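Residue numbers (my numbering): 4 to 342. Everything below concerns the one structure shown next.
Okay, here's the thing in structure tokens:
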């Protein structure tokens, strides 16, 4: 595998990204370790380097960058060519130096893209997208496409793209494979089929997550096809599989419920909810089931009276125990099924 993939500084950036991004809801002290380096003023970044014993301005930084292709190269260049004594620096000082150099590189040499800068951009995109910021589907898709091109450029004969995919996972603060699945499903829910279909076709063969997700996404991508019988057959096969597979995640059930709604497969939809309910452990899952049922009864004039029951339940469910909520929903599903 190519050497760039195993550079230790990649894990350093992911580590400090995770310290800030994955603990955002916790009350943590803001230090250089948890700082958002992207909002630090440029002059303060140079001050940071001076505090670490490195006197540099923009002109000298540009000069250094001509000798390097990545921020990791620049760090090694300082140790080797500028004769900074690496051995005399404590590990935390090295990390702080790398983070400062990395941010200056990202701003001053944006044309020199590398796996580390793309990985950092993706981590920031995931962080923003998960919080429903102004990140557009198009900008995230473009970034993921760039990442795929970098992975493919690192492919060596004798190894699989799946191997490359797995090898670089530690260099992200987030689980990128899970995000790709979530992003594609979210994009499809918003009607962006043409946007994400090419991305999915590129990554589907080397995703190493639960294989059911690739089958679900593939089915969702073809909901516009004319062969309804084939779509029904494929959905039936998926449902039959998960109904006989223990410990299937709730997210897979919900995705198949969505497809069953789209294809007007009432029996499958209710069977999925009926099988799912005993395994629900979170209040948020009950809310999703309510939304699904509301959409379901709204499509059937004979079931319209159940809308009021669902709305009544939603107004009272906060005072109910999880078990009481599940029991009520089970009764409601049974009543709908028998109507």
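In this text, a Cβ means the ideal position worked out from N, Cα and C, and glycines have one as well. Bear in mind the structure is a predicted one, so any value in this text is a computation, not a measurement.
Ranked by how close their Cα comes to the Cα of residue 265, the residues 295, 126, 290, 286 have 295 in first place. Excluding the 5 residues flanking it on each side, residue 68 has same chain C-beta neighbours closer than 6 Å at 112, in chain order.
Classified as buried, residue 335 has 16 or more neighbouring CB atoms from the shown chains inside 10 Å of its CB. Residues 184 of the same chain have their beta carbon placed closer than 7 Å to that of residue 216, with the five preceding and five following residues left out of the count. Shown here, residue 260 sits in a helix according to DSSP, grouped into three states. Within the same chain, 40, 41, 43, 48 come within 8 Å of residue 106 by CB-CB distance, once the 5 residues on both sides are set aside. Inter-segment contact for the region 206–222 and the region 164–174 is present: three or more beta-carbon pairs are separated by less than 8 Å. Here the C-alpha atom of residue 155 lies approximately 27 Å from the C-alpha atom of residue 102. The alpha-carbon of residue 318 is positioned some 10 Å away from that of residue 312.
Residue 71 and residue 143 have their alpha carbons spaced roughly 28 Å apart. Remark: C-beta atoms of residue 328 and residue 289 approach each other more closely than 7 Å. Within the same chain, 305, 306 come within 7 Å of residue 342 by CB-CB distance, once the 5 residues on both sides are set aside. With a 10 Å radius around the Cβ and a threshold of 16 neighbouring Cβ atoms, residue 51 comes out buried.
In the three-state DSSP reduction, residue 340 falls in the helix class (H, G or I). Residue 114 carries a coil assignment under DSSP once its states are collapsed to helix, strand and coil. Residue 116 holds the alpha-carbon nearest to the alpha-carbon of residue 146 among 134, 229, 116.
Remark: C-beta atoms of residue 293 and residue 275 do not approach each other more closely than 7 Å. Sequence-distant partners of residue 325 (beyond 5 residues in either direction) whose C-beta falls short of 6 Å from its own C-beta are missing from its chain. Here residue 256 is near residue 279, since their CB atoms are less than 7 Å apart.
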